[in-house]
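A short write-up of the structure that comes next.
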Amino acid sequence: MITSTHFFFSKILYKHIYNIDNSIIGNLHDLVVDFSLPLPVVRAIVVKNGKRDFFIMMQSLVVTHDNKERYHIKLNSQNLSFVPIPETDVFLARDFLDKQIIDIEGKKVERVNDVRIALVDGKWVLIAVDIGFRGLMRRLGIEYLGIFISTKLNKTFRNSLVAWDDVQSLTHGKDNLQLNSSVHKLNTLHVADLADILEDLDKKAQVTLFQSLDAELAADVLEEIESETQVSLIENLSIEQATDVLELMPSDEVADILE
-17 MITSTHFFFS KILYKHIYNI DNSIIGNLHD LVVDFSLPLP VVRAIVVKNG KRDFFIMMQS
43 LVVTHDNKER YHIKLNSQNL SFVPIPETDV FLARDFLDKQ IIDIEGKKVE RVNDVRIALV
103 DGKWVLIAVD IGFRGLMRRL GIEYLGIFIS TKLNKTFRNS LVAWDDVQSL THGKDNLQLN
163 SSVHKLNTLH VADLADILED LDKKAQVTLF QSLDAELAAD VLEEIESETQ VSLIENLSIE
223 QATDVLELMP SDEVADILE
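Counted the way the numbering used here counts, the sequence shown spans residues -17 to 241.
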C-alpha cells in the first residue's frame, strides 16, 4: 500500500475506518471543513457507526491506496482526538457536493461533482473542484467504465478541475448559505460577466452574492440584469442597503425597478 498525499473525496467517502488492530470502527460519512481559510482545511472526519455519529481529527488517520486506487483509512494511534465542531464549519458532502460554485477564470456557474484534497504543510486541504462528467461518474462508482469507453473510442477521459484559487464558493451550512473565501475574487470580473453569473445562480445564492458586493459594484451589476431579478434582489436588501445602491443608479433605471 502507498501512503496517499492527495485524492478525490469520492474515493474515501463511505469507506470503512479501521482501528490499529484492523477492526472496523465505522464508515467515513463526511468531512468537516473550515472554509474561512485561503485553502479550506479538513478539520475532522464524521464517522458513522450504526445510528451513532462521532468526529475524529483528520490528523489521527493514515490514508493509503493500492495501484488500483483502492483506498484504505486507518487510525494511527489508540489515543483518539475527538473534537467539538464549530458552527461555522461546513460538512463537505452535505453542504458542498452538488452545490453551485463560481468559476472565476471560466466566468460561469458550475456544479461541484467531486473535490480534490491534498496534504499541504501537514494539513489536508481542498485544492480543486471537479466540475466534469468524469467527476460525476467517479461519484457514482463507474469511472472505469468511462475510461474503458473512452479508450475504445481513442479519446482522453479528462478530469475537469477548477483550482481553488479560481473558485468562489457559496457554502451551504446547516441553517444558512453564505459567501465564503475571498470576496475580492469577484472584483476581478467584468460587471457584465458578474451579472451573467448572478442570473445563473439559484435565488438564494443570488441574494447572498449580491449582498456581498459593495454599493458601487452592486449598482453597476443591477443595471446589467433582468428587471425581475432586479426587483427580487432589491426586495431582499435592508432599506439602508437598498438606498445606498439605488442612489448610485440612473434615475430612469430606479424608476423602472420601483414601478
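Even for Gly, the Cβ is constructed at its ideal location relative to N, Cα and C.
Does the distance between the C-beta of residue i and the nearest non-hydrogen atom of the ligand GDP fall short of 7 Å?
i, result
"Asp196", "The ligand GDP is not part of the structure shown, which contains no ligands of any sort."
So if DSSP puts residue i in a beta bridge, which residue, or which two residues, is it bridged to?
i, result
"Lys137", "Paired residue(s): none; Lys137 is not in a bridge."
"Gln223", "According to DSSP, Gln223 bridges with nothing at all."
"Met39", "Ala26"
"Tyr(-4)", "According to DSSP, which records beta bridges pairwise, Tyr(-4) is partnered with nothing at all."
"His47", "Ile(-16) and Tyr53"
"Asp12", "Val28"
"Asp96", "Asp112"
"Phe(-10)", "Arg98"
"Ile6", "Tyr0"
"Lys105", "Val102"
Assuming residue i and residue j make a contact with CB atoms under 8 Å, what is their CB distance in whole Å?
i, j, result
"Val28", "Val14", "7 Å"
"Ala110", "Asp12", "Rounded, the Cβ-Cβ distance is 19 Å, inconsistent with contact."
"Leu219", "Val227", "7 Å"
"Val203", "Ala177", "5 Å"
"Leu183", "Leu171", "That pair is no contact at about 14 Å."
"Lys(-7)", "Leu10", "In fact, because the Cβ distance is near 10 Å, the residues do not count as touching under 8 Å."
"Lys105", "Val173", "Not really, about 36 Å apart at Cβ, beyond 8 Å."
"Asp112", "Asp96", "4 Å"
Which residues mark the beginning and the end of the beta strand (DSSP E) in which residue i is found?
i, result
"Gly123", "Counting along the chain, Gly123 falls outside any beta strand (DSSP E), and DSSP gives it neither H nor E."
"Arg52", "From DSSP, Arg52 is part of no beta strand (DSSP E); its letter is neither H nor E."
"Ile83", "Gln82 to Asp85"
"Glu92", "Lys90 to Arg93"
"Asp178", "Not the beta strand (DSSP E): Asp178 falls in the alpha helix (DSSP H), residues Val173 to Asp182."
Starting from residue i, follow the alpha helix (DSSP H) in both directions and report where the run begins and ends.
i, result
"Val203", "Ala197 to Leu204"
"Gln193", "Lys185 to Ser194"
"Val213", "Ser209 to Glu217"
"Asp148", "Segment: none, Asp148 is in no alpha helix (DSSP H) and carries neither H nor E."
"Asp238", "Ser233 to Leu240"
"Asp77", "Leu74 to Asp77"
For residue i, which of the options has the nearest alpha-carbon?
i, options, result
"Met39", "Gly114, Glu51 and Ile55", "Ile55"
"Ser59", "Phe78, Tyr0 and Ser194", "Tyr0"
"Glu181", "Ser214, Ser132 and Tyr126", "Ser214"
"Leu108", "Leu19, Asp35, Asp3 and Ile124", "Leu19"
"Asp16", "Glu198, Ala197 and Asp77", "Asp77"
"Lys185", "Gln82, Phe130, Gly88 and Lys137", "Gln82"
"Ile84", "Glu51, Leu57 and Lys167", "Lys167"
"Leu152", "Ile129, Ile179 and Lys134", "Ile179"
"Gln212", "Asp238, Gly8, Glu222 and Leu199", "Asp238"
"Val102", "Gln41, Gln193 and Leu122", "Gln41"
"Gly242", "Asp35, Arg52, Asp147 and Glu51", "A query on residue 242 cannot be resolved here, the shown segment of the chain reaching from -17 to 241 and no further."
"Gln188", "Ile216, Gly128, Leu127 and Arg34", "Ile216"
"Glu51", "Ile(-16), Val236, Ile86 and Ser132", "Ile(-16)"
"Gly8", "Ala26, Ile2 and Asp35", "Asp35"
Are the C-beta atoms of residue i and some chain C residue less than 8 Å apart?
i, result
"Glu217", "No chain C appears in the structure shown, which is made up of a single protein chain."
Are the stretch 30 to 47 and the stretch -15 to 0 in contact at 8 Å, needing three or more beta carbon pairs? With the rule of 3 Cβ pairs closer than 8 Å, the stretch 30 to 47 counts as touching the stretch -15 to 0.
Answer yes if the stretch 86 to 98 comes into contact with the stretch 139 to 148, meaning at least three C-beta pairs across the two stretches below 8 Å, and no otherwise. Here the stretch 139 to 148 lies against the stretch 86 to 98, with 3 or more beta-carbon pairs under 8 Å apart.
Does the stretch 204 to 218 come close enough to the stretch 106 to 121 that 3 or more CB-CB pairs lie under 8 Å? The count of Cβ pairs closer than 8 Å, one atom from the stretch 106 to 121 and one from the stretch 204 to 218, stays below three, leaving the stretches out of contact.
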